[in-house]
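If you want this note's numbering, it's the position in the sequence shown, counting the first as 1, plus 280. Idealized CB from N, CA, C, for every residue including glycine. Reviewing the structure listed below.
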Amino acid sequence: VERQGDFSVRSPVLSQDEIGSSASAFNCLLDALQSSISQTNTVMNKMAEGEFNHRITVACKGELYSLKQATNNCANSLEQAMSEINHVIDEMSQGNFSTQINTPMQGQLATLKQNINGSLNTLDHTIGEIVTVMANIEQGNFTQQVNSTAQGTLKQLKDSVNNSVSSLSGAINNISQVMSALHDGDFSKRVEQPLQGQLALLKNDINSSVDNLALIITDINSVMSAVSKGDFTQLVDCDANGELLTLKYNI
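Structure below.
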(Lines of atoms letter the chains of each structure in order from A and count residues from 1; the text may use other names and numbers.)
(Lines give C-alpha, C1' and ligand atoms only; values in the text may rest on other atoms or scores of the structure.)
Protein backbone atom coordinates (compact mmCIF):
# COMPACT_ATOMS: atom_id res chain seq x y z
CA VAL A 1 0.00 0.00 0.00
CA GLU A 2 2.70 2.49 0.98
CA ARG A 3 5.11 1.73 -1.88
CA GLN A 4 2.68 1.44 -4.79
CA GLY A 5 -0.56 3.02 -3.59
CA ASP A 6 -2.32 -0.29 -4.20
CA PHE A 7 -5.38 -0.52 -1.97
CA SER A 8 -6.52 -3.84 -3.42
CA VAL A 9 -4.12 -5.93 -1.33
CA ARG A 10 -5.43 -7.57 1.81
CA SER A 11 -3.82 -9.04 4.90
CA PRO A 12 -4.54 -12.77 5.32
CA VAL A 13 -6.58 -13.57 8.46
CA LEU A 14 -4.94 -16.71 9.85
CA SER A 15 -6.30 -16.74 13.37
CA GLN A 16 -9.24 -15.72 15.53
CA ASP A 17 -7.14 -13.98 18.17
CA GLU A 18 -6.22 -10.31 18.47
CA ILE A 19 -3.78 -10.57 15.56
CA GLY A 20 -6.56 -11.95 13.37
CA SER A 21 -8.92 -9.18 14.56
CA SER A 22 -6.28 -6.57 13.71
CA ALA A 23 -5.87 -8.05 10.25
CA SER A 24 -9.66 -8.00 9.72
CA ALA A 25 -9.87 -4.38 10.91
CA PHE A 26 -6.99 -3.46 8.62
CA ASN A 27 -8.73 -5.12 5.70
CA CYS A 28 -11.96 -3.21 6.46
CA LEU A 29 -9.97 0.02 6.46
CA LEU A 30 -8.47 -0.89 3.08
CA ASP A 31 -11.98 -1.71 1.77
CA ALA A 32 -13.24 1.72 2.80
CA LEU A 33 -10.19 3.48 1.40
CA GLN A 34 -10.34 1.56 -1.87
CA SER A 35 -14.08 2.20 -2.38
CA SER A 36 -13.81 5.90 -1.51
CA ILE A 37 -10.70 6.59 -3.58
CA SER A 38 -12.02 4.55 -6.51
CA GLN A 39 -15.29 6.47 -6.65
CA THR A 40 -13.48 9.78 -6.11
CA ASN A 41 -11.22 8.98 -9.07
CA THR A 42 -14.24 8.05 -11.17
CA VAL A 43 -16.08 11.30 -10.36
CA MET A 44 -12.99 13.45 -10.95
CA ASN A 45 -12.21 11.71 -14.26
CA LYS A 46 -15.82 12.21 -15.41
CA MET A 47 -15.62 15.91 -14.52
CA ALA A 48 -12.40 16.15 -16.51
CA GLU A 49 -14.32 14.66 -19.46
CA GLY A 50 -17.10 17.24 -19.07
CA GLU A 51 -19.61 15.00 -17.27
CA PHE A 52 -20.77 16.59 -14.02
CA ASN A 53 -23.68 14.29 -13.06
CA HIS A 54 -21.60 11.61 -11.28
CA ARG A 55 -21.36 11.47 -7.46
CA ILE A 56 -19.59 9.52 -4.71
CA THR A 57 -22.26 7.27 -3.22
CA VAL A 58 -20.22 4.89 -1.05
CA ALA A 59 -20.68 5.29 2.72
CA CYS A 60 -17.73 7.14 4.28
CA LYS A 61 -16.65 8.33 7.70
CA GLY A 62 -14.32 10.96 9.09
CA GLU A 63 -11.87 12.49 6.63
CA LEU A 64 -13.18 10.25 3.85
CA TYR A 65 -16.68 11.65 4.46
CA SER A 66 -15.28 15.20 4.24
CA LEU A 67 -13.57 14.28 0.94
CA LYS A 68 -16.81 12.78 -0.32
CA GLN A 69 -18.83 15.89 0.58
CA ALA A 70 -16.28 18.27 -0.91
CA THR A 71 -16.10 16.30 -4.16
CA ASN A 72 -19.89 15.99 -4.47
CA ASN A 73 -20.40 19.68 -3.67
CA CYS A 74 -17.87 20.58 -6.34
CA ALA A 75 -19.68 18.37 -8.84
CA ASN A 76 -23.03 19.90 -7.84
CA SER A 77 -21.74 23.45 -8.32
CA LEU A 78 -20.19 22.64 -11.68
CA GLU A 79 -23.30 20.82 -12.88
CA GLN A 80 -25.58 23.72 -11.92
CA ALA A 81 -23.19 26.27 -13.43
CA MET A 82 -22.82 24.41 -16.72
CA SER A 83 -26.56 23.81 -16.90
CA GLU A 84 -27.32 27.53 -16.53
CA ILE A 85 -24.53 28.52 -18.91
CA ASN A 86 -25.87 26.10 -21.54
CA HIS A 87 -29.36 27.53 -21.02
CA VAL A 88 -28.08 31.08 -21.44
CA ILE A 89 -26.12 30.20 -24.58
CA ASP A 90 -29.17 28.45 -26.01
CA GLU A 91 -31.28 31.55 -25.33
CA MET A 92 -28.62 33.71 -27.02
CA SER A 93 -28.68 31.45 -30.10
CA GLN A 94 -32.42 32.15 -30.30
CA GLY A 95 -31.89 35.91 -30.09
CA ASN A 96 -32.88 36.31 -26.44
CA PHE A 97 -30.23 38.31 -24.54
CA SER A 98 -32.26 39.05 -21.40
CA THR A 99 -31.61 35.70 -19.66
CA GLN A 100 -29.20 35.80 -16.71
CA ILE A 101 -27.30 33.22 -14.62
CA ASN A 102 -28.87 33.26 -11.15
CA THR A 103 -27.27 30.25 -9.41
CA PRO A 104 -25.04 31.35 -6.46
CA MET A 105 -21.39 30.69 -7.32
CA GLN A 106 -18.02 31.24 -5.71
CA GLY A 107 -14.45 31.85 -6.80
CA GLN A 108 -13.67 31.67 -10.50
CA LEU A 109 -17.19 30.41 -11.23
CA ALA A 110 -18.54 33.63 -9.67
CA THR A 111 -16.17 35.63 -11.89
CA LEU A 112 -17.34 33.66 -14.94
CA LYS A 113 -20.96 34.30 -13.93
CA GLN A 114 -20.33 38.06 -13.62
CA ASN A 115 -18.56 38.17 -16.99
CA ILE A 116 -21.34 36.28 -18.76
CA ASN A 117 -24.10 38.33 -17.14
CA GLY A 118 -22.23 41.56 -17.91
CA SER A 119 -21.82 40.53 -21.55
CA LEU A 120 -25.50 39.63 -21.77
CA ASN A 121 -26.51 42.97 -20.26
CA THR A 122 -24.38 44.84 -22.79
CA LEU A 123 -25.76 42.78 -25.67
CA ASP A 124 -29.33 43.17 -24.45
CA HIS A 125 -29.08 46.96 -24.05
CA THR A 126 -27.19 47.56 -27.29
CA ILE A 127 -29.33 45.27 -29.46
CA GLY A 128 -32.46 46.63 -27.79
CA GLU A 129 -31.46 50.20 -28.63
CA ILE A 130 -30.59 49.24 -32.20
CA VAL A 131 -34.02 47.62 -32.59
CA THR A 132 -35.63 50.84 -31.27
CA VAL A 133 -33.61 52.98 -33.68
CA MET A 134 -34.53 50.74 -36.63
CA ALA A 135 -38.21 50.86 -35.62
CA ASN A 136 -38.05 54.67 -35.56
CA ILE A 137 -36.43 54.74 -39.00
CA GLU A 138 -39.24 52.50 -40.28
CA GLN A 139 -41.69 55.13 -39.00
CA GLY A 140 -39.76 57.98 -40.64
CA ASN A 141 -38.05 59.21 -37.47
CA PHE A 142 -34.32 59.70 -38.08
CA THR A 143 -33.46 61.50 -34.82
CA GLN A 144 -32.98 58.46 -32.53
CA GLN A 145 -29.43 57.28 -31.76
CA VAL A 146 -27.88 54.25 -30.02
CA ASN A 147 -26.53 55.64 -26.72
CA SER A 148 -25.59 52.52 -24.72
CA THR A 149 -21.93 51.95 -23.85
CA ALA A 150 -20.34 49.30 -26.08
CA GLN A 151 -16.88 47.96 -26.91
CA GLY A 152 -15.22 46.03 -29.72
CA THR A 153 -17.48 44.73 -32.46
CA LEU A 154 -20.60 45.99 -30.68
CA LYS A 155 -19.11 49.49 -30.67
CA GLN A 156 -18.43 49.19 -34.39
CA LEU A 157 -22.04 48.12 -34.92
CA LYS A 158 -23.28 50.99 -32.72
CA ASP A 159 -21.14 53.54 -34.60
CA SER A 160 -22.23 52.17 -37.98
CA VAL A 161 -25.91 52.43 -37.03
CA ASN A 162 -25.48 55.95 -35.64
CA ASN A 163 -23.49 57.10 -38.67
CA SER A 164 -26.12 55.64 -40.99
CA VAL A 165 -28.92 57.36 -39.08
CA SER A 166 -26.99 60.65 -39.09
CA SER A 167 -26.44 60.41 -42.85
CA LEU A 168 -30.10 59.60 -43.43
CA SER A 169 -31.23 62.38 -41.12
CA GLY A 170 -28.93 64.93 -42.79
CA ALA A 171 -29.97 63.80 -46.26
CA ILE A 172 -33.70 63.89 -45.48
CA ASN A 173 -33.42 67.31 -43.86
CA ASN A 174 -31.41 68.71 -46.76
CA ILE A 175 -33.76 67.21 -49.34
CA SER A 176 -36.75 68.59 -47.43
CA GLN A 177 -35.18 72.06 -47.49
CA VAL A 178 -34.64 71.84 -51.26
CA MET A 179 -38.20 70.58 -51.86
CA SER A 180 -39.63 73.30 -49.60
CA ALA A 181 -37.66 75.94 -51.50
CA LEU A 182 -38.99 74.54 -54.82
CA HIS A 183 -42.51 74.74 -53.42
CA ASP A 184 -41.88 78.42 -52.68
CA GLY A 185 -40.50 79.02 -56.19
CA ASP A 186 -36.89 79.21 -55.04
CA PHE A 187 -34.63 77.20 -57.39
CA SER A 188 -31.35 78.25 -55.77
CA LYS A 189 -31.21 75.54 -53.10
CA ARG A 190 -29.21 72.34 -53.57
CA VAL A 191 -28.53 69.17 -51.57
CA GLU A 192 -25.09 69.92 -50.03
CA GLN A 193 -24.87 67.08 -47.48
CA PRO A 194 -21.89 64.73 -48.19
CA LEU A 195 -23.48 61.38 -49.06
CA GLN A 196 -22.40 57.97 -50.32
CA GLY A 197 -23.86 55.10 -52.32
CA GLN A 198 -27.52 55.35 -53.29
CA LEU A 199 -27.94 58.51 -51.24
CA ALA A 200 -25.21 60.12 -53.35
CA LEU A 201 -27.07 59.05 -56.51
CA LEU A 202 -30.29 60.51 -55.12
CA LYS A 203 -28.46 63.73 -54.26
CA ASN A 204 -27.06 64.00 -57.80
CA ASP A 205 -30.46 63.30 -59.37
CA ILE A 206 -32.21 65.91 -57.23
CA ASN A 207 -29.54 68.53 -57.86
CA SER A 208 -29.58 67.83 -61.62
CA SER A 209 -33.37 68.10 -61.66
CA VAL A 210 -33.27 71.40 -59.79
CA ASP A 211 -30.52 72.68 -62.13
CA ASN A 212 -32.66 71.81 -65.17
CA LEU A 213 -35.74 73.40 -63.59
CA ALA A 214 -33.83 76.56 -62.68
CA LEU A 215 -32.37 76.79 -66.18
CA ILE A 216 -35.63 76.33 -68.05
CA ILE A 217 -37.58 78.61 -65.66
CA THR A 218 -34.93 81.33 -66.15
CA ASP A 219 -35.14 80.85 -69.94
CA ILE A 220 -38.96 80.97 -69.85
CA ASN A 221 -38.85 84.14 -67.72
CA SER A 222 -36.56 85.76 -70.28
CA VAL A 223 -38.89 84.84 -73.14
CA MET A 224 -42.00 85.99 -71.27
CA SER A 225 -40.27 89.25 -70.33
CA ALA A 226 -39.38 89.85 -74.00
CA VAL A 227 -42.97 89.07 -75.07
CA SER A 228 -44.31 91.57 -72.53
CA LYS A 229 -42.12 94.19 -74.23
CA GLY A 230 -43.42 93.26 -77.66
CA ASP A 231 -40.38 91.21 -78.64
CA PHE A 232 -41.61 87.93 -80.13
CA THR A 233 -38.25 86.78 -81.48
CA GLN A 234 -36.99 85.15 -78.29
CA LEU A 235 -37.21 81.34 -77.86
CA VAL A 236 -36.61 78.84 -75.06
CA ASP A 237 -33.29 77.33 -76.08
CA CYS A 238 -32.22 75.22 -73.07
CA ASP A 239 -32.36 71.44 -73.20
CA ALA A 240 -35.41 69.82 -71.63
CA ASN A 241 -37.02 66.40 -71.28
CA GLY A 242 -40.48 65.02 -70.61
CA GLU A 243 -43.14 67.54 -69.64
CA LEU A 244 -40.58 70.32 -69.55
CA LEU A 245 -39.83 69.60 -73.21
CA THR A 246 -43.57 69.82 -73.97
CA LEU A 247 -43.74 73.11 -72.07
CA LYS A 248 -40.72 74.39 -74.04
CA TYR A 249 -42.35 73.52 -77.40
CA ASN A 250 -45.68 75.05 -76.34
CA ILE A 251 -44.02 78.33 -75.34
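If you ignore the 5 residues before and after residue 457, its C-beta comes within less than 8 Å of the C-beta of 469, all in its own chain and listed in chain order.
One Cα belongs to residue 483, the other to residue 440, and the distance between them is close to 21 Å.
Below 8 Å, enough C-beta pairs join the region 428 to 437 and the region 404 to 412 to call them touching: three or more. Counting every other CB atom within 10 Å of its CB across the protein chains shown gives residue 340 a total of 16 or more, marking it as buried. The beta carbon of residue 348 is closer than 6 Å to those of 336 and 340 in its chain, skipping five residues each way along the sequence. Short of 7 Å from the beta carbon of residue 392, and not among the five residues preceding or following it, lies no beta carbon of its own chain. The count of Cβ pairs closer than 8 Å, one atom from the region 298 to 312 and one from the region 322 to 335, stays below three, leaving the stretches out of contact.
For the pair residue 424 and residue 411, the CB atoms are not nearer than the 7 Å cut-off. In this chain, the alpha helix (DSSP H) harbouring residue 413 covers 387 to 418.
Residue environment: residue 390 is assigned as exposed (fewer than 16 neighbouring CB atoms within 10 Å of its CB, all protein chains considered).
Taking every protein chain shown into account, the CB of residue 381 has 16 or more other CB atoms within 10 angstroms, so this residue is buried. The shortest C-alpha to C-alpha distance from residue 302 to any of 350, 291 and 386 is the one to 291. At the C-beta level, residue 451 and residue 479 come within 7 Å of one another.
Look at residue 367 here: in three-state DSSP terms it is helix.
The C-alpha of residue 375 lies about 54 Å from the C-alpha of residue 520. Cβ atoms of residue 515 and residue 503 come within 8 Å of each other, at about 7 Å.
Your pair residue 454 and residue 471 checks out as a contact, with CB atoms roughly 5 Å apart and the cut at 8 Å. Between residue 385 and residue 361, the C-beta gap is smaller than 7 Å, which places the two residues in contact.
In the structure shown, residue 503 falls within a helical segment according to DSSP collapsed to helix, strand and coil.
For residue 435, the uninterrupted alpha helix (DSSP H) run begins and ends at 432 to 463, by DSSP.
Taken through DSSP and simplified to helix, strand or coil, residue 291 comes out as coil. Between the alpha carbons of residue 388 and residue 395 lies a distance of about 10 Å. Inclusion of residue 448 and residue 422 in the CB contact set at 7 Å is warranted, their separation being smaller than that value.
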